[in-house]
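A.B. asks:
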Amino acid sequence: MAQRTHRTAPSMSSAPSTSSAGRSAPRRGPHRAWAVAAGAGAAVVTAGVFTTVPGLLATPLHDQYAWDRGQIALAASVNMVLFGLTAPFAAALADRVGVRRVATGALLLVAAGALLTTGLSQPWHLVLYWGVLIGAGGGCLTMSFAAQLTGVWFVRRRGLVTGALGAAAHLGQLLFLPLLAWAVDHYHWRAPVVTLALAALVVAALVWLSLRDHPADAGVSPYGAQGFVPKPPPAAGAVRRTLSVLLAASRTGTFWLLAGLFVLCGATTNGIMWSNWVPSAHDHGMRTTAAASLLSLVGVFSSLGAVLSGWLTDRFDPRRLLCLYFAVRALTLFALPAVLSARITPSLIAFVVVYGLVDVATVPPVIALGRRAYGDDGPIVFGWVNAAHQLGAGASSFLGAAARDVFGTYDVVWTALGVACVAAALSAPAARPGRRHGDRRGRPTRPDRARHVGSGGPAPS
């Protein structure tokens with residue numbers, strides 16, 4: 184009996200030992216998690232590039248088909264709305280079928296929408312292909328996707344990787360938007376769109392080869408973990424939880440205040456800029472390539488501003504930061520009609536720098552307020568608040584272009600959006616995040632878990 188026990192003990196330890204031996208060679212090189220992060224980054228960059236293209240297509244489509252700018256901008260509006268609404272449900276779907284399948288399918292959907300766009304002949308084609316297909320596909324590759332992936336694959340460096348993936352969309356603007364603008368100027372609009380579609384197909388193949396849903400699928404431990412972590416079973420009821428959190432949060436004033444602030448935030452950032460910045464600069468005689476370069480520069484300073492805002496949020500009242508950010512944004516929008524010109528001037532560069540620094544800076548304070556108010560459910564609440572952001576963005580994209588058709592200038596649009604930022608700055612101090620509103624079952628959130636989530640430390644295993 185003792186002898187049989189002696190034989191059993193090595194057998195029981197052999198699985199970890201064999202697994203460790205199987206992983207000994209990879210340990211001499213980069214951990215598999217970094218390849219997964221690189222594949223995810225490529226997917227997020229690709230989706231980010233597609234979000235900025237409608238602004239480059241507005242003038243060529245207007246010139247070729249004589250469509251109203253409002254008709255063209257409607258596709259961008261639908262794209263932005265679906266981009267926001269898809270994210271919470273894509274996260275739930277990824278919990279069930281895995282991030283690998285969701286990310287690959289999203290890129291295939293984006294590629295299909297872009298290829299179909301090259302054969303459009305009616306405005307509703309643009310709404311269906313670019314608005315619905317690309318909007319839904321891109322919505323699967325947002326910060327929810329990044330948070331899911333880093334939460335599973337990383338124990339150490341989780342914040343670093345999450346931040347890098349969060350900035351990846353802006354990196355897409357920086358690297359590819361000027362190049363796409365140059366291609367539109369020299370080769371018309373269809374060639375760049377086809378190129379983007381082919382790039383999405385290539386990245387889809389890369390994602391399928393590099394991503395795994397869980398480290399256990401690759402026979403490794405999460406980066407920085409002390410031991411092997413088994414893969415959990417597929418989550419059940421994730422969609423129900425997503426909807427129940429929305430229902431519970433919608434009964435609180437804090438949710439509606441944060442959602443309202445983000446409606447105005449979306450209207451005064453990507454909603455107007457991604458689809459109307461290039462046409463507005465073109466109205467002042469600026470070449471498309473130069474306008475797109477300025478927009479990509481906004482993306483650079485947006486990334487810097489987001490990092491700085493996260494640092495400030497750990498040290499100051501998030502409500503005061505939101506008030507400051509919206510006030511600064513209002514001043515930049517009020518000044519924009521006076522600084523826009525055919526050339527890139529120092530005053531225009533100053534606008535790009537200051538506006539860029541407060542562009543995405545509102546995100547860390549809103550996440551912090553959501554965590555304080557809703558504890559464990561804070562990230563899901565933020566997903567819905569971010570959907571409100573995209574609703575504001577979609578409305579601004581359409582209404583901004585429609586106003587241009589009516590008034591013949593974007594000046595009234597910039598002024599109206601500046602007024603909206605003033606309203607947001609005055610409303611931000613009204614957020615009262617001191618009392619948590621309970622978890623999705625209506626029970627009070629445990630203070631220790633809520634403090635842990637808000638601290639930015641590693642999540643519990």
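Mapping of the sequence shown onto my numbering: residues 184 to 644, in sequence order. We put the beta carbon where it would ideally sit given N, CA and C, even for glycine.
(1) Label residue 531 either buried or exposed according to how many other C-beta atoms from any shown protein chain fall within 10 Å of its C-beta, with 16 as the threshold for buried.
(2) What does DSSP give as the partner residues of residue 406 in its beta bridges?
(3) How is residue 528 classed by DSSP in three states: helix, strand or coil?
(4) Go ahead and pull the three-state DSSP assignment for residue 323.
(5) What first and last residue would you give for the alpha helix (DSSP H) that runs through residue 466?
(6) Distance check for residue 412 and residue 624, CA to CA, integer angstroms please.
(7) With a CB to CB cut of under 6 Å and the five nearest residues on each side skipped, what residues in its chain are close to residue 510?
(8) Keeping to the same chain, check which residues put their C-beta closer than 7 Å to that of residue 595; ignore five residues upstream and five downstream.
(9) Are the region 430–450 and the region 491–498 in contact at 8 Å, needing three or more beta carbon pairs?
(10) When the Cα of residue 489 is compared with those of 477, 612 and 505, which residue comes out closest?
(11) Evaluate contact between the region 381–400 and the region 284–293, counting only Cβ atoms and requiring at least three cross-stretch pairs below 8 Å.
(12) For residue 322 and residue 269, which I take to be in contact (beta-carbon distance under 8 Å), what is that distance rounded to the nearest angstrom?
(13) Three Cβ pairs or more, each shorter than 8 Å: is that satisfied between the region 240–259 and the region 305–314?
(14) Taking 8 Å as the threshold, find out whether the region 558–569 comes into contact with the region 514–534 through three or more Cβ pairs.
(15) Select from 469, 404, 266 and 409 the residue whose C-alpha is nearest the C-alpha of residue 524.
(16) Return yes when the Cβ of residue 218 is within less than 8 Å of the Cβ of residue 393, no when it is not.
(17) Can you tell me the Cα-Cα spacing of residue 602 and residue 361, whole angstroms?
(18) Are the CB atoms of residue 605 and residue 445 nearer to each other than 8 Å?
(19) If we ignore side chains and look at the alpha-carbon of each, how far apart do residue 424 and residue 466 end up?
(20) Can you check which of these residues, 448, 464, 459 and 402, is closest to residue 574 by C-alpha distance?
(21) Starting from residue 396 and walking both ways along the alpha helix (DSSP H), at which residues does that stretch end?
(22) Who are the Cβ neighbours of residue 501 in its own chain at under 7 Å, not counting the five residues just before and after it?
(23) Within 10 angstroms of the Cβ of residue 416, are there 16 or more other Cβ atoms? Answer buried if so, exposed if not.
(24) Is residue 297 closer than 8 Å to residue 228 when the C-beta atoms are compared?
(25) Give me the Cα-Cα distance between residue 299 and residue 576, rounded to the nearest whole angstrom.
(26) Check this for me: beta carbons of residue 336 and residue 216, under 8 Å apart or not?
(27) Using alpha carbons as the reference points, say which of 402, 540, 408 and 455 lies closest to residue 593.
C.D. replies: This is what the structure holds:
(1) For this step, residue 531 is matched to residue 348 along the sequence shown. When all chains shown are included, residue 531 counts as buried.
(2) Working through the sequence shown from its first residue, we reach residue 406 at position 223. BP columns for residue 406 point to 337.
(3) Taking the sequence shown and counting its residues from 1, one reaches residue 528 at position 345. Of the three classes helix, strand and coil, the one that applies to residue 528 here is coil, per DSSP.
(4) In the sequence shown, residue 323 corresponds to position 140, counting from 1. It is coil, neither helix nor strand.
(5) By one-based count along the sequence shown, residue 466 stands at place 283. Looking at the DSSP string, the run of the alpha helix (DSSP H) that includes residue 466 is 453–466.
(6) If you number the sequence shown from 1, residue 624 lands on position 441. If you number the sequence shown from 1, residue 412 lands on position 229. With a pLDDT of 38 at residue 624, under the threshold of 50, the predicted position of this residue should be treated as unreliable, and no value is reported.
(7) Locating residue 510 in the sequence shown gives position 327, counting from the first residue. 608, listed in sequence order.
(8) Mapped onto the sequence shown, residue 595 falls at position 412. Excluding residues within five positions, the ones whose Cβ falls inside 7 Å are 586.
(9) no
(10) Against the sequence shown, residue 489 aligns to sequence position 306. Closest by alpha carbon: 505.
(11) With a cut-off of 8 Å, the region 284–293 and the region 381–400 count as touching, because enough Cβ pairs lie within range.
(12) Here residue 322 is taken as the residue at index 139 of the sequence shown, counted from 1. Here residue 269 is taken as the residue at index 86 of the sequence shown, counted from 1. Contact flag correct, Cβ pair sits at about 3 Å.
(13) Touching, yes, given that three or more Cβ pairs across the two stretches are closer than 8 Å.
(14) no
(15) By 1-based counting over the sequence shown, the position of residue 524 is 341. The option with the nearest alpha carbon to residue 524 is 469.
(16) Within the sequence shown, the letter at position 210 stands for residue 393. Within the sequence shown, the letter at position 35 stands for residue 218. Between residue 393 and residue 218, the CB-CB gap stays under 8 Å.
(17) On the sequence shown, position 419 is the one that residue 602 refers to. On the sequence shown, position 178 is the one that residue 361 refers to. Taking the straight line from one Cα to the other gives about 30 Å.
(18) As a working note, residue 605 is residue 422 in the sequence shown. As a working note, residue 445 is residue 262 in the sequence shown. Contact flag unset, no.
(19) For this step, residue 424 is matched to residue 241 along the sequence shown. For this step, residue 466 is matched to residue 283 along the sequence shown. Their Cα atoms are separated by approximately 47 Å.
(20) As a first step, residue 574 is located in the sequence shown; it is residue number 391 there, counting from the start. If we check each option's Cα against that of residue 574, 448 comes out closest.
(21) Within the sequence shown, the letter at position 213 stands for residue 396. Element bounds for residue 396: n/a, residue is neither H nor E.
(22) Taking the sequence shown and counting its residues from 1, one reaches residue 501 at position 318. Here the set comprises 548, 551 and 552.
(23) If you number the sequence shown from 1, residue 416 lands on position 233. With fewer than 16 Cβ atoms within 10 Å of its Cβ, residue 416 is classed as exposed.
(24) Translated into positions along the sequence shown, residue 228 becomes position 45. Translated into positions along the sequence shown, residue 297 becomes position 114. No, Cβ-Cβ distance for residue 228 and residue 297 is not below 8 Å.
(25) Taking the first residue of the sequence shown as 1, we reach residue 299 at position 116. Taking the first residue of the sequence shown as 1, we reach residue 576 at position 393. Their Cα atoms are separated by approximately 24 Å.
(26) The residue given as residue 336 occupies position 153 in the sequence shown. The residue given as residue 216 occupies position 33 in the sequence shown. Yes, they are a contact pair.
(27) Residue mapping note: residue 593 aligns to position 410 of the sequence shown, counting from 1. Ranked by Cα distance from residue 593, the first of 402, 540, 408 and 455 is 455.
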